[in-house]
Amino acid sequence: MSEFPKDFLWGAATAAYQVEGGHDADGKGPSIWDVYSHLPGTTYEGTNGDVAADHYHRYKEDVALMAEMGLKSYRFSISWPRILPKGRGEINEAGIKFYNDLIGELLKYDIKPMVTLYHWDLPQALQDDFGGWDSREIIDAFDNYARLCFSRFGDRVTLWSTFNEPIIFLGLGYITAKHPPGLKDPTRAIQACHHMFLSHARAVRSFRQLGVKGQIGLVNVMQPNDPLTQSPGDLAACALAEGVYTHWFFDPVLKGTYPADLLARTQESLKAPVFAPGDEELLRDNICDFVGINYYKRGMIEANPDENSYEINTSGKKGSAVGVAFKGLFKVVKNPNGNFTDWDWEIYPDGLTASLMRITKRYGNIPIYITENGIGTKDPLENGEIRDQPRIDYLRAHVKAIAEAISSGANVRGYYHWSFIDLLSWLNGYQKQYGFVYVDYKNGLTRKKKLSFSWYRKVVATNGAIL
Numbered sequence: 000m001s002e003f004p005k006d007f008l009w010g011a012a013t014a015a016y017q018v019e020g021g022h023d024a025d026g027k028g029p030s031i032w033d034v035y036s037h038l039p040g041t042t043y044e045g046t047n048g049d050v051a052a053d054h055y056h057r058y059k060e061d062v063a064l065m066a067e068m069g070l071k072s073y074r075f076s077i078s079w080p081r082i083l084p085k086g087r088g089e090i091n092e093a094g095i096k097f098y099n100d101l102i103g104e105l106l107k108y109d110i111k112p113m114v115t116l117y118h119w120d121l122p123q124a125l126q127d128d129f130g131g132w133d134s135r136e137i138i139d140a141f142d143n144y145a146r147l148c149f150s151r152f153g154d155r156v157t158l159w160s161t162f163n164e165p166i167i168f169l170g171l172g173y174i175t176a177k178h179p180p181g182l183k184d185p186t187r188a189i190q191a192c193h194h195m196f197l198s199h200a201r202a203v204r205s206f207r208q209l210g211v212k213g214q215i216g217l218v219n220v221m222q223p224n225d226p227l228t229q230s231p232g233d234l235a236a237c238a239l240a241e242g243v244y245t246h247w248f249f250d251p252v253l254k255g256t257y258p259a260d261l262l263a264r265t266q267e268s269l270k271a272p273v274f275a276p277g278d279e280e281l282l283r284d285n286i287c288d289f290v291g292i293n294y295y296k297r298g299m300i301e302a303n304p305d306e307n308s309y310e311i312n313t314s315g316k317k318g319s320a321v322g323v324a325f326k327g328l329f330k331v332v333k334n335p336n337g338n339f340t341d342w343d344w345e346i347y348p349d350g351l352t353a354s355l356m357r358i359t360k361r362y363g364n365i366p367i368y369i370t371e372n373g374i375g376t377k378d379p380l381e382n383g384e385i386r387d388q389p390r391i392d393y394l395r396a397h398v399k400a401i402a403e404a405i406s407s408g409a410n411v412r413g414y415y416h417w418s419f420i421d422l423l424s425w426l427n428g429y430q431k432q433y434g435f436v437y438v439d440y441k442n443g444l445t446r447k448k449k450l451s452f453s454w455y456r457k458v459v460a461t462n463g464a465i466l
């Protein structure tokens with residue numbers, strides 16, 4: 000017997016900039032990541048997505064591997080500048096054709112597409128023209144882009160998410176300066192976040208106005224936070240961290256409002272977000288149909304009266320992370336009893352169960368997809384084989400954690416492993432490997448199936464009963 004519903008979507012995921020390559024192929028325009036990753040000192044050893052896994056030219060080979068694995072669904076993102084090179088205006092039909100061909104190839108094997116509209120690769124033209132997410136102009140631009148995608152692909156795609164992990168592309172882009180546009184300005188971060196929520200709501204409204212058959216949601220990181228100790232200071236800091244990491248990013252799309260206490264505090268201290276007439280109604284009237292959860296780790300929180308730190312581990316040298324701390328708010332620290340990856344991410348399957356139950360408790364019977372979950376490791380190729388047993392162990396424990404949440408009432412509809420294939424890990428380069436499929440960068444990007452490939456195929460085939 001399996002805890003998983005009979006129509007559960009077993010899948011895997013990627014993102015355009017990390018996997019496609021073809022950075023200037025067939026009329027594609029530059030994204031902010033095409034530009035940023037070529038700046039000195041921005042990524043691990045200067046790695047970039049110019050070629051990535053070359054999925055743009057090898058998608059048929061990759062989809063055939065998905066079919067061999069038996070995947071029920073594949074989550075991928077559309078590159079905004081591939082279909083609108085300047086972010087708006089002239090359409091690049093070659094880019095439209097690529098995604099039509101990819102969708103057609105998936106459906107040929109009965110693999111359900113789940114499309115993410117924005118996975119961080121903003122057209123550079125929009126950053127140059129009006130500052131990207133800084134400006135309210137982005138709302139119209141994103142809505143026009145979303146409408147184009149709905150009209151061209153909505154007859155075959157029934158699962159859509161507007162944004163992937165807003166806390167990451169806004170937090171690292173506008174507060175820690177680790178992602179483009181490379182700023183340290185909390186006020187601009189909060190206003191850019193507001194424009195993102197309004198863009199999401201406009202896209203949800205357009206989706207329904209156009210009568211697209213299917214569901215639309217938003218994908219958030221879910222980092223459950225627990226206090227390091229039971230001291231009053233740590234408990235208060237943890238409650239604030241939970242509000243910042245979770246409630247601020249889930250409430251506007253599932254309740255239609257910001258959490259009132261955080262909104263008042265933010266507007267008092269940062270004078271943002273600034274609302275325009277109609278903003279409240281737009282958020283209120285366009286609740287999404289489901290939420291995607293990306294779960295990798297939890298956060299241990301302690302009080303932090305006087306420290307700021309934004310240094311994270313991008314080298315893969317265990318123990319090199321300095322940590323994230325926000326002065327006067329909270330500090331994310333390592334669990335002294337935890338088990339960690341080479342990138343200092345705590346391996347904590349119980350946190351996934353806790354995450355799903357916290358979402359269910361706060362938002363009710365909302366459909367949930369686990370849109371990302373996986374472990375970044377250094378997978379050695381030895382005698383032609385990649386025996387990634389740590390990945391199997393990680394996934395077995397986390398999928399069991401999902402089953403436990405389902406049995407306790409969480410409405411989980413699908414699981415997408417991150418990632419299907421090894422790809423560019425943003426700041427971490429190609430050494431941080433997540434995939435079921437190994438990419439041999441020394442030998443023409445040859446694909447090789449890892450041990451986890453066969454294991455996950457059995458999970459899919461038995462609908463999780465093998466666990």
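Reminder that position 279 of the sequence shown reads as 278 in numbering that gives the first Met the number 0, one-by-one numbering, no gaps.
Beta carbons: idealized from backbone N, C-alpha and C, even for Gly.
Residue from the options with nearest C-alpha to residue i
| i | options | result |
| --- | --- | --- |
| Ile-300 | Ala-240, Arg-264, Ile-358 | Ala-240 |
| His-199 | Met-221, Ser-150, Asp-142 | Asp-142 |
| Trp-9 | Leu-121, Arg-456, Ile-465 | Arg-456 |
| Asp-451 | Val-243, Cys-237, Leu-394, Asn-462 | The sequence given here has Ser at residue 451, not Asp. Checked all of Val-243, Cys-237, Leu-394, Asn-462; the closest Cα to Ser-451 is Leu-394. |
| Leu-83 | Val-50, Glu-267, Asp-120, Arg-207 | Asp-120 |
| Asp-392 | Ile-31, Leu-466, Leu-227 | Leu-466 |
| Pro-179 | Glu-136, Leu-125, Phe-3 | Leu-125 |
| Asn-312 | Ile-215, Trp-425, Gly-210 | Trp-425 |
| Phe-248 | Arg-361, Phe-149, Arg-204, Gln-214 | Arg-361 |
| Ala-275 | Leu-197, Lys-107, Ser-418 | Leu-197 |
| Cys-192 | Asp-128, Pro-165, Asp-100 | Pro-165 |
Same chain only: Cβ atoms within 8 angstroms of residue i, ignoring 5 sequence neighbours per side
| i | result |
| --- | --- |
| Ala-176 | Leu-182, Lys-183, Tyr-309 |
| Gln-190 | Asp-133, Ala-271, Pro-272, Val-273 |
| Asp-421 | Ala-52, Asp-378, Tyr-429, Gln-432, Tyr-433, Gly-434, Val-436, Tyr-437, Val-438 |
| Pro-304 | Lys-326, Gly-327 |
| Tyr-55 | Glu-19, Gly-20, Gly-21, Ala-24, Phe-97 |
| Asp-260 | Gly-242 |
Helix, strand or coil at residue i according to DSSP, with G and I counted as helix
| i | result |
| --- | --- |
| Thr-370 | strand |
| Trp-9 | strand |
| Met-221 | coil |
| Gln-17 | helix |
| Ser-407 | coil |
| Tyr-429 | coil |
| His-54 | helix |
| Trp-159 | strand |
| Trp-344 | coil |
| Trp-417 | strand |
| Asn-143 | helix |
| Thr-265 | helix |
| Ile-31 | helix |
| Ser-76 | strand |
| Ile-292 | strand |
| Lys-457 | helix |
| Arg-412 | strand |
| Ser-451 | helix |
| Ser-308 | strand |
Inter-residue Cα distance where the pair is residue i and residue j
| i | j | result |
| --- | --- | --- |
| Ser-36 | Pro-389 | 30 angstroms |
| Val-252 | Gly-443 | 43 angstroms |
| Lys-27 | Lys-85 | 9 angstroms |
| Leu-380 | Arg-446 | 12 angstroms |
| Asn-174 | Ala-271 | According to the sequence provided, residue 174 is Ile. The question's Asn does not apply to it. C-alpha separation (whole angstroms): 14 angstroms. |
| Val-438 | Val-273 | 46 angstroms |
| Lys-71 | Ile-369 | 14 angstroms |
| His-118 | Val-18 | 12 angstroms |
| Ser-453 | Val-62 | 16 angstroms |
| Val-323 | Glu-306 | 9 angstroms |
| Lys-59 | Thr-340 | 33 angstroms |
| Ile-137 | Pro-335 | 43 angstroms |
| Met-68 | Lys-449 | 11 angstroms |
| Tyr-108 | Tyr-73 | 11 angstroms |
| Gly-363 | Met-221 | 16 angstroms |
| Leu-209 | Val-203 | 10 angstroms |
| Ile-365 | Lys-316 | 39 angstroms |
Same chain, Cβ closer than 6 angstroms to residue i, neighbours up to 5 away in sequence not counted
| i | result |
| --- | --- |
| Gly-472 | The displayed coordinates of the chain run from 0 to 466. Any statement about residue 472 would go beyond what the structure contains. |
| Val-156 | Pro-112, Val-114 |
| Asn-91 | Gly-26, Ile-82, Pro-84 |
| Asp-233 | Pro-226, Leu-227, Glu-301, Ala-302 |
Same chain, Cβ closer than 7 angstroms to residue i, neighbours up to 5 away in sequence not counted
| i | result |
| --- | --- |
| Ile-367 | Phe-289, Val-290, Ile-292, Leu-355, Ile-358, Ala-409, Asn-410, Val-411, Arg-412 |
| Arg-87 | Ala-140, Asn-143 |
| Thr-352 | Ala-400, Glu-403, Ala-404 |
| Gly-130 | none |
| Trp-344 | Tyr-295, Lys-296 |
Cβ-Cβ separation, residue j to residue i (assumed contact under 8 angstroms), whole Å
| i | j | result |
| --- | --- | --- |
| Asn-219 | Ala-14 | So it is not a contact: roughly 15 angstroms between Cβ atoms. |
| Ala-12 | His-416 | 7 angstroms |
| Ile-110 | Phe-152 | Not quite, the Cβ-Cβ distance comes to about 15 angstroms (not below 8 angstroms), so this is no contact. |
| Pro-223 | Gly-337 | That pair is no contact at about 13 angstroms. |
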